[in-house]
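For reference, the structure is listed below as structure tokens.
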Amino acid sequence: MKLWLQKWRLLSVLAILALVLSGCGEPFLSGLVPAGEVGKQQYDLILLSLGIMTLVIIVVVIIFTFAIIKFRRKDDRIPKQVEGSHTLEIVWTVIPIILLLILAVPTVAVTFSQGDVSAIDKKDADGNRDALVVNVNAHLYWWEFEYPDLGIVTSQDLVIPTDEKVYFQVTSKDVKHSFWIPPLGGKLDTNPENVNKFWLIADSDKAEEAGNLFYGKCAELCGPSHALMDFKVKALPQKDFENWVADMQNAKEPVKPTSDLAKQGEEIFNQSCITCHAVTPEAKPSGELAPNLAGFADRERVAGVLDHNEEELKKWIKDPEKIKPGNKMTGTYPEMSDQELDALAAYLMELKVQQ
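For what it's worth, the UniProt record's numbering labels the leading residue of the sequence shown as 1, then goes sequentially.
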């Protein structure tokens with residue numbers, strides 16, 4: 001008996017702990033704080049389904065409690081056995097059907113609405129698209145964002161305008177990943193064999209409240225550094241987005257270093273890194289092996305997870321395997337001295353497109 005009580009207490013503690021931990025997390029990674037049309041629709045469907053389930057639970061508990069109290073056995077006599085009530089059978093068959101329809105109709109409507117990506121294929125007489133399209137390429141363990149109609153390629157930081165539908169074509173260059181920006185909506189798998197499509201909208205008011213910055217993640221277990229496969233989303237007002245596009249399109253040539261240390265770092269980069277990385281936004285890295293570093297100095301994180309400063313950058317270059325196990329950068333370049341790391345970090349921190 002004592003052993004059973006000990007197990008029951010342990011089970012109760014674990015259940016309470018699981019309940020508490022299920023509420024833990026960062027607010028900027030929560031789908032319960034929608035910041036766009038898609039996220040809001042999905043959030044409303046969650047509330048609708050929870051409301052229906054809660055109503056069913058309450059009704060069942062009330063009926064169950066009533067039956068226990070009213071029809072509890074008071075003596076040894078066996079009560080009269082009767083057939084089931086046809087009226088009750090009709091009621092408990094019809095009511096679930098009605099509840100399912102209440103949930104199914106808006107769910108199907110939202111699914112078809114969010115699945116409409118026909119605007120991607122619509123072009124004017126000159127062959128130009130009105131819709132903003134972003135090709136998302138998932139890699140181990142980083143993200144590449146290509147704006148095919150704007151001639152821009154970048155990585156790790158996705159830049160989009162607010163209050164405008166942005167259409168995404170997502171795929172993977174290696175294993176299955178999943179593209180997810182919790183406040184805006186999603187998620188959608190990125191598969192090596194095909195291209196999936198969907199759209200999102202960032203609400204300008206919500207974006208302003210969030211400092212025009214949202215966080216995205218890979219939501220499909222893809223390897224040892226899956227939890228570190230993050231990216232940032234800069235949701236800018238239309239004018240600011242247009243300025244960013246203009247800056248990126250004008251950055252045709254690599255940034256010229258401004259200090260002797262950065263010039264030394266450029267030489268190291270051209271000897272060791274240029275094979276895999278590009279430094280201009282219109283170019284794709286060779287073989288798409290590594291992220292495009294155009295505008296690296298303006299980014300929010302190093303490798304998607306570290307604070308954006310020279311010290312963290314040098315830690316990443318020195319031992320990327322320690323920070324992101326299983327990444328493809330490990331072992332692809334010779335070991336560097338502290339002076340070489342200082343120089344390379346100084347050069348990378350000058351890679352700006354917005355002067």
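Virtual Cβ for every residue (Gly too), placed ideally from N, Cα, C.
Small disclaimer: the values here were computed from a predicted structure and weren't measured.
Can you give me the Cβ contacts of residue i inside the same chain, cut-off strictly under 7 Å, excluding the 5 residues immediately before and after it?
i: Pro-34; result: Lys-40, Tyr-43, Pro-183
i: Lys-123; result: Arg-129
i: Gly-287; result: Confidence in Gly-287 is poor, its pLDDT being 49 and thus under 50, which makes the residue's placement too unreliable to answer from.
Thinking C-alpha only, which one of the options is nearest residue i?
i: Lys-187; options: Ser-178, Ile-62, Thr-171, Val-195; result: Ser-178
i: Phe-168; options: Val-117, Arg-73, Ala-343; result: Val-117
i: Tyr-141; options: Leu-48, Lys-328, Lys-256; result: Lys-328
i: Phe-214; options: Lys-122, Pro-291, Pro-161; result: Pro-161
i: Val-170; options: Ala-18, Gly-295, Asn-191, Glu-164; result: Asn-191
i: Ala-131; options: Ile-120, Asn-250, Leu-48; result: Ile-120
i: Gln-249; options: Val-353, Ala-235, Asp-342, Arg-301; result: Val-353
i: Leu-289; options: Glu-144, Leu-17, Phe-71; result: Glu-144
i: Pro-291; options: Glu-310, Lys-80, Val-136; result: Val-136
i: Val-245; options: Pro-281, Gly-127, Asp-76; result: Pro-281
i: Ala-207; options: Gly-185, Phe-231, Leu-221, Ala-235; result: Ala-235
i: Arg-301; options: Ser-155, Thr-87, Ile-16, Gly-326; result: Ser-155
i: Gly-211; options: Leu-221, Lys-232, Lys-74; result: Lys-232
If you follow the alpha helix (DSSP H) that residue i is in, where does it begin and where does it stop?
i: Phe-66; result: 37-70
i: Asn-243; result: 238-250
i: Tyr-347; result: 338-348
i: Asp-260; result: 260-272
i: Phe-296; result: First-last for Phe-296: undefined, no H or E at that position.
i: Leu-100; result: 86-114
i: Ala-207; result: 204-209
Please look up how many angstroms separate the CB atoms of residue i and residue j, rounded, as I've assumed it's under 8 Å.
i: Leu-150; j: Gly-216; result: Contact doesn't hold; Cβ gap of about 20 Å is too wide.
i: Ile-201; j: Gly-36; result: 4 Å
i: Ala-297; j: Met-349; result: 5 Å
i: Leu-99; j: Ile-52; result: 5 Å
i: Glu-146; j: Val-153; result: 5 Å
i: Ala-345; j: Lys-324; result: Incorrect: roughly 18 Å between the Cβ atoms, too far for contact.
i: His-308; j: Leu-293; result: The Cβ separation is near 13 Å, so there is no contact.
i: Cys-218; j: Ala-138; result: 7 Å
i: Leu-103; j: Leu-50; result: That pair is no contact at about 11 Å.
i: Val-279; j: Leu-351; result: 6 Å
i: Val-305; j: Asp-247; result: The Cβ separation is near 26 Å, so there is no contact.
Leaving aside the five residues before and after residue i along the sequence, list all residues of the same chain whose C-beta is less than 6 Å from its C-beta, in chain order.
i: Thr-330; result: Pro-320, Glu-321
Grab me the residues of residue i's own chain with a C-beta within less than 8 Å of its C-beta, minus the 5 sequence neighbours each way, in chain order.
i: Ser-12; result: none
i: Val-110; result: Gln-41, Gln-42, Leu-45
i: Glu-312; result: Val-302, Leu-306
i: Pro-148; result: Val-133, Asn-135
Would you mind reading off the limits of the beta strand (DSSP E) that contains residue i?
i: Leu-188; result: 185-190
i: Leu-200; result: 196-200
i: Ser-225; result: It is not in any beta strand (DSSP E) - Ser-225 carries neither H nor E in the DSSP assignment.
i: Ser-178; result: 177-181
i: Gln-156; result: Gln-156 -> no beta strand (DSSP E), and no H or E assigned at all.
i: Lys-217; result: 213-218
- Given 8 Å as the limit, is there contact between the stretch 221-230 and the stretch 61-68, that is, 3 or more CB pairs closer than that? no
- Is the stretch 266-274 close to the stretch 194-210, with three or more CB pairs under 8 Å? no
- Query: Would the stretch 256-268 and the stretch 232-247 be scored as touching if the rule is three or more Cβ pairs under 8 Å?
  - Reply: no
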